[in-house]
Amino acid sequence: MDNNNIRVRFAPSPTGPLHIGGVRTALYNYLFAKKNGGKFILRIEDTDQTRFVPGAEEYIIESFEWCGIEFDEGVGKGGPFGPYKQSERKEIYRQYADALIESGNAYYAFDTPGELNNKRKEYESQKKNFSYNAAERMNMRNSLSLPGYETKKLLKEGVPYVIRFKMPEDETVEMNDLIRGKVVVNTKVLDDKVLYKSDGMPTYHLANVVDDHLMEISHVIRGEEWLPSLPLHVLLYKALGWEAPEFAHLPLLLKPEGNGKLSKRDGDRLGFPVFPLQWKDPKTGELSRGYREDGYFPEAFVNMLVLLGWNPGDERELFTLEELTKVFSIERVNKSGAKFDPEKAKWFNHQYLIRKSDEELAGLFMPVLKEHGIEADKDFVKTVIGLVKERATFVKDLWDQSYFFFIAPEEYDKKAVKKRWKAQSYDQMKELSEILKNTEPFTSANIEETVKKWIEEKEYGMGGVMNAFRLLIVGALKGPHLFDIVALIGKAETLKRMEKGLQTLGKKE
RNA sequence: GGUCCGUUCGUCUAGCCAGGUUAGGACGCCAGGUUUUCAUCCUGGUAACACGGGUUCGAAUCCCGUACGGACUACCA
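This note's numbering puts the first sequence at residues 4 to 512.
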């Protein structure tokens with residue numbers, strides 16, 4: 004295959020926020036293009052005007068910007084094969100629909116939606132399925148069943164019509180899928196799909212074939228839900244006299260529990276985002292959470308997503324986008340659907356968080372501190388982060404892990420007090436604060452040495468002293484190495500906290 | 001209902017195409033260790049070839065069937 008001619012596209016419909024399954028499809032397309040030195044195109048498939056949702060297109064573009072996935076051509080980017088929005092290509096499709104009629108591969112159909120509906124109901128009541136196919140088409144109102152003059156008359160009168168594909172009656176269609184291998188279907192079970200709607204717009208089937216051909220798409224990589232219409236598309240290429248691209252149908256993303264396609268509802272129910280970015284429904288005002296707003300790093304999000312249906316073949320799990328463009332291959336994409344695991348998504352974020360520099364994290368954490376009303380020195384914040392970042396999954400977790408570096412305890416964890424504030428604690432802490440007062444330099448190592456020596460000399464229990472001490476400084480039995488904490492907050496603050504704690508907790512009888 | 005696709009630990013998966021592995025890794029979970037606490041971390045453990053036939057000396061791997069699951073079955077994409 005000539006790599007210079009590799010061209011793939013992601014072709015979403017602007018009907019709402021982009022689902023993570025869609026993001027994954029786009030990601031695989033992108034990686035395939037980059038790996039093979041090809042081009043990645045964004046095409047907007049807005050042929051259904053009734054389903055248009057304002058803001059959806061912008062949402063899609065913003066989502067990919069956040070992920071770091073870049074298009075080479077397409078909506079918002081331009082390129083030599085534009086326009087890239089199907090509503091702006093309206094005139095193009097008509098001529099191909101006409102050509103199909105001309106060649107006898109398509110025909111006009113005048114059945115109204117109501118008639119079709121009745122027909123379906125009628126069949127349903129007999130427990131049969133209506134299919135607009137070779138067996139039925141002559142019983143319907145179309146240019147095949149009607150005499151020529153009648154069709155002409157109807158057309159001239161402006162009676163609404165659609166253009167349907169004339170599915171061959173009994174033909175075996177052999178197709179190849181890059182992921183699944185050979186797929187064979189007989190046209191007997193297929194129907195005469197509408198290619199061109201009465202509103203003058205093509206359906207997906209016609210538009211995607213025409214555009215993929217005109218845009219010189221070499222590989223169509225899309226969701227598994229399209230597999231059933233692959234025979235139609237292959238036949239369409241053939242009828243139009245075009246060479247079909249290669250196809251790859253990706254497995255679905257499934258719900259974490261039970262079965263079925265992952266949907267927005269699952270996210271709400273199980274408490275994780277299904278969308279890359281937060282989305283506010285323009286009609287209902289309903290808010291759906293997004294990975295970005297939930298605190299995920301785009302790198303972690305992409306990394307988590309790429310491994311849902313693909314793996315490198317070795318045991319590596321952490322990849323940058325850049326690395327992925329080198330190791331990705333369509334052959335290693337799985338056949339079966341993957342259940343989404345929110346726990347593993349968190350693990351990925353943790354991995355990325357601990358790998359970030361204290362400097363970068365400090366930059367991200369400063370605004371969080373500000374929200375809590377804290378103005379802190381950046382170097383101080385950096386040091387704090389170095390001590391606690393291992394314990395966090397998200398930047399916002401850093402607060403829970405470090406607030407005691409910034410504010411003195413207002414109250415003391417009741418359980419901890421009960422467990423660790425013993426009869427001797429008051430006197431011991433009083434004694435300790437005297438020792439600390441004279442400890443110089445007030446560094447973690449030096450304080451540790453001094454305090455440990457004192458404990459040994461007095462034969463106090465290490466656990467008892469340290470836990471009581473921690474209680475006074477932190478307010479709870481948690482946090483990093485205690486001597487690091489006191490050294491960082493400084494002698495004055497340490498003594499202040501101890502004094503206040505002694506006052507509040509008092510001497511236990 | 002019909003058509004197509006799929007099925008390895010709870011989850012993501014390696015292994016399957018070119019039959020011979022104690023069926024490997026990761027997340028989770030459990031236990032132990034480290035620690036002044038919590039968390040991290042380290043070590044260990046738990047746990048899977050959907051089922052039934054066939055081919056073969058030998059099947060997770062090849063073939064057939066069954067079951068289960070999913071997608072599709074619109075003038076939606």
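Note that beta-carbon positions come from the ideal geometry of N, C-alpha and C, so glycine has one too.
In this text, all values refer to a predicted model and were calculated from it rather than measured experimentally.
Spell out the partners DSSP gives residue i in its beta bridges.
i: Phe13; result: Leu45
i: Tyr111; result: Ile166
i: Val336; result: Trp313
i: Ser291; result: Trp282
i: Gly81; result: Gly77
Less than 8 Å between the CB atoms is what I'm expecting for residue i and residue j, so what's the real figure, rounded?
i: Asn314; j: Arg335; result: 6 Å
i: Met143; j: Asp114; result: 5 Å
i: Lys185; j: Glu177; result: 7 Å
i: Lys399; j: Gly298; result: 5 Å
i: Leu257; j: Ala348; result: That belief does not hold up - the Cβ atoms of Leu257 and Ala348 are roughly 15 Å apart, past 8 Å.
i: Leu255; j: Lys264; result: 6 Å
i: Ser201; j: Val165; result: 5 Å
i: Arg272; j: Gln281; result: Wrong, their Cβ atoms sit about 18 Å apart, outside the cutoff.
i: Gly482; j: Phe407; result: 6 Å
i: Phe67; j: Ile333; result: With 8 Å as the limit, Phe67 and Ile333 do not qualify as a contact, their Cβ atoms being about 20 Å apart.
i: Ala100; j: Leu233; result: 20 Å between Cβ atoms; not a contact.
i: Pro86; j: Phe55; result: With 8 Å as the limit, Pro86 and Phe55 do not qualify as a contact, their Cβ atoms being about 16 Å apart.
i: Arg500; j: Leu480; result: Arg500 to Leu480, Cβ: 15 Å. No contact.
i: Tyr207; j: Tyr96; result: That belief does not hold up - the Cβ atoms of Tyr207 and Tyr96 are roughly 11 Å apart, past 8 Å.
From the DSSP output, in three-state form, read off residue i for me.
i: Leu257; result: strand
i: Asp5; result: With a pLDDT of only 46 at Asp5, under 50, the local geometry of the prediction cannot be trusted, and the value read off the model is given with reservation. Asp5: coil per DSSP, three-state reduction.
i: Phe472; result: helix
i: Glu76; result: strand
i: Lys455; result: helix
i: Asn145; result: strand
i: Gly366; result: helix
i: Glu502; result: helix
i: Gly298; result: coil
i: Ala341; result: strand
i: Lys88; result: strand
i: Lys131; result: coil
i: Lys124; result: helix
i: Lys347; result: helix
i: Lys481; result: coil
i: Lys264; result: strand
i: Asn51; result: Looking at the sequence itself, residue 51 is Asp, so the reference to Asn does not match. Three-state result, Asp51: coil.
i: Ser106; result: coil
i: Phe322; result: coil
i: Ile438; result: helix
i: Ile95; result: helix
i: Gly464; result: coil
i: Ala419; result: helix
i: Ile410; result: coil
i: Asn306; result: helix
i: Lys38; result: helix
i: Pro20; result: coil
i: Asn136; result: coil
Below 8 Å CB to CB, which residues in the same chain sit around residue i once its five sequence neighbours on both sides are set aside?
i: Ala490; result: Phe445, Thr446, Ser447 and Ile450
i: Lys440; result: Lys494 and Leu498
i: Asp194; result: Ser134, Tyr135, Asn136 and Met170
i: Glu246; result: Tyr240
i: Val162; result: Phe113
i: Glu65; result: Leu280
Kindly list the residues whose CB is nearer than 7 Å to the CB of residue i, restricted to its own chain and excluding five residues on each side of it in sequence; keep chain order.
i: Leu508; result: Tyr415, Val420 and Trp424
i: Ala14; result: Arg46, Glu48 and Asn211
i: Pro276; result: Gly270, Arg292, Gly293, Tyr294 and Asp297
i: Pro248; result: Asp215, Ile220, Ser221, His222 and Val223
i: Leu147; result: Tyr110, Arg140 and Met141
Grab me the residues of residue i's own chain with a C-beta within less than 6 Å of its C-beta, minus the 5 sequence neighbours each way, in chain order.
i: Ala303; result: Phe351, Asn352 and Tyr355
i: Ile63; result: Pro15 and Leu21
i: Met4; result: Model confidence at Met4 stands at a pLDDT of 44, short of 50, so the residue's coordinates are unreliable; what they give is reported in the following sentence. Cβ within range, chain order: n/a, list empty.
i: Asp269; result: Lys258
i: Asn337; result: Pro254 and Gly312
i: Arg12; result: Ile44, Arg46 and Ile220
i: Ala365; result: Lys381, Val384, Lys385 and Ile388
Secondary structure, beta strand (DSSP E): runs of 3+ residues fully inside the segment 170–254: 175–180, 184–189, 197–199, 222–226 and 249–253
Run through the segment 359–405 for me and flag every whole alpha helix (DSSP H) of 4 or more residues, listed as ranges in chain order.
361–374 and 381–391
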